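Student: One structure is given below, represented as structure tokens, and several questions about it will come after.
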Amino acid sequence: MQFKHLIMTAGLTLGAISFNAHASLASYFGAGGAGLVYSSVSDVTWTQDANLLGTLMSIQGFDTVVDAIIAVNNNVGPHDFDSVNLGLTNWNGANGFTNYLNSIEYGGSHQWRLPGTGSNPQTGYNQTDGEFGQLFYSELGGTGGLGLAGIPNTSPFDNEQLYSYWTNNGNTPLLGGAWFFAYPDGNQSYYFRTLDLYAWAVSPGQVAAVPLPGAVWFLGSGLIGLIGLSRRRLVA
């Protein structure tokens, strides 16, 4: 009985891993153990940490991260980042952060950028031409216009902020403006680039995954061994 239960448990675990790999949003590990989430709707890979900049600053120190970003950008300075609310940055700093991710090939990619808005972005709710809108509405089931109640179930991701995020589009009717997406309620709009918002990076297509963690391989090989043992017992 215990043997059958062990096989069933292992089988269910492996089945869950397989299921997640075929979901609309598939979370996995990239190079260096970086958490990534692939979107089959937008065909982009998101960083699993929705405030990766803030996380790096809290772990490595604000000055260390900002200095590293400045080292690979000619037009970025410490004033572009909020030293109190870690992760908040103006549009210039947000783009500088994605350039930094490219310089270190975070997760195995050198094509990180801010999410796109589509070719003809519009203000308001239910805008699904852009990558943020596709994520919020089409994949996570978010509802626009509900304030904090509109934020969807975001289990594939970590550290989402109940705030707005920059996009990569700096072409707006407002001189010196850029488009942003309000993650709590699904609103898309634009404002001056000097505003401090959060930065969430995407990379085109699916960034290559690293091999499955050793524990999973161990589980799989153990299951095969148990099946073989069971067969030998039946033959005996």
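Under mature numbering (1 follows the signal peptide of the UniProt record, and there is no 0), the letters of the sequence shown match residues -23 to -1, 1 to 213, in that order.
The beta-carbon is built from N, C-alpha and C at its ideal position, and this holds for glycine as well.
The structure presented is a predicted model; accordingly, all values stated were derived computationally and were not measured.
Counting pairs of Cβ atoms below 8 Å between the segment 101 to 121 and the segment 155 to 173, do you hit three or more?
Tutor: yes
Student: Output the distance between the C-alpha atoms of Thr41 and Leu13, rounded to the nearest integer angstrom.
Tutor: On the sequence shown, position 64 is the one that residue 41 refers to. On the sequence shown, position 36 is the one that residue 13 refers to. Distance between the alpha carbons of Thr41 and Leu13 is about 24 Å.
Student: For the beta strand (DSSP E) containing Gly12, list its first residue and its last residue.
Tutor: As a working note, residue 12 is residue 35 in the sequence shown. Looking at the DSSP string, the run of the beta strand (DSSP E) that includes Gly12 is Gly12 to Ser16.
Student: Using CA atoms only, rank isn't needed, just tell me which of Asn67, Gly119 and Val187 is closest to Tyr167.
Tutor: Taking the first residue of the sequence shown as 1, we reach residue 167 at position 190. Tyr167 has its Cα closest to that of Asn67, out of Asn67, Gly119 and Val187.
Student: Thinking residue 269 and Gln165 are a contact (beta carbons under 8 Å), I'd like their distance in whole angstroms, please.
Tutor: The chain is shown from -23 up to 213; residue 269 falls before or after that span and cannot be answered.
Student: Might you give, ordered along the chain, the residues of its own chain that have their beta carbon closer than 8 Å to the beta carbon of Ile47, omitting 5 neighbours on each side?
Tutor: If you number the sequence shown from 1, residue 47 lands on position 70. Excluding sequence neighbours, Ile47 sits near Val53, Gly54, Pro55 and Gly73.
Student: Measuring straight from C-alpha to C-alpha, what distance separates Ser35 and Trp89?
Tutor: Looking up residue 35 in the sequence shown gives position 58. Looking up residue 89 in the sequence shown gives position 112. The straight-line gap from Cα to Cα measures roughly 21 Å.
Student: Using a threshold of 9 Å, state whether the C-beta atoms of Leu91 and Trp23 are closer than that.
Tutor: Position 114 of the sequence shown, counted from the first residue, corresponds to residue 91. Position 46 of the sequence shown, counted from the first residue, corresponds to residue 23. Contact: no.
Student: Beta carbon of Val18, beta carbon of Pro181: below 9 Å?
Tutor: Within the sequence shown, the letter at position 41 stands for residue 18. Within the sequence shown, the letter at position 204 stands for residue 181. For Val18 and Pro181, no; Cβs fall outside 9 Å.
Student: For Pro129, I'd like the list of residues in its chain whose CB is within less than 8 Å of its CB, leaving aside the five on either flank, ordered along the chain.
Tutor: In the sequence shown, the residue the question calls residue 129 occupies position 152. The answer, listed in chain order, is Phe113, Leu117, Gly118, Gly119 and Thr120.
Student: Between Gly84 and Gly31, which are expected to be in contact by the criterion C-beta below 8 Å, what is the C-beta distance as a whole number of angstroms?
Tutor: Residue numbering aside, residue 84 sits at position 107 when the sequence shown is read from its first letter. Residue numbering aside, residue 31 sits at position 54 when the sequence shown is read from its first letter. Incorrect: roughly 17 Å between the Cβ atoms, too far for contact.
Student: Cβ atoms of Gly127 and Gln163: under 9 Å apart, would you say?
Tutor: Taking the first residue of the sequence shown as position 1, residue 163 is located at position 186. Taking the first residue of the sequence shown as position 1, residue 127 is located at position 150. The displayed chain sequence assigns Gly, not Gln, to residue 163. Less than 9 Å separates the beta-carbon of Gly163 from that of Gly127.
Student: Once you ignore the five residues that flank Tyr77 on each side, which residues in its own chain have a CB closer than 7 Å to its CB?
Tutor: Position 100 of the sequence shown, counting from 1, holds the residue named residue 77. Residues of the same chain with a CB within less than 7 Å of the CB of Tyr77, apart from the 5 flanking positions on each side, are Ala45, Ile46 and Val49 in chain order.
Student: For Val184, which option in Gly70, His87, Ile81 and Thr75 has the closest C-alpha, if you only look at C-alpha atoms?
Tutor: Position 207 of the sequence shown holds residue 184. It is His87 whose Cα lies nearest to the Cα of Val184.
Student: State buried or exposed for Gly38, treating a residue as buried only when at least 16 other CB atoms are found within 10 Å of its CB.
Tutor: Indexing the sequence shown from 1 puts residue 38 at position 61. Counting the other Cβ atoms within 10 Å of the Cβ of Gly38 gives fewer than 16, which makes it exposed.
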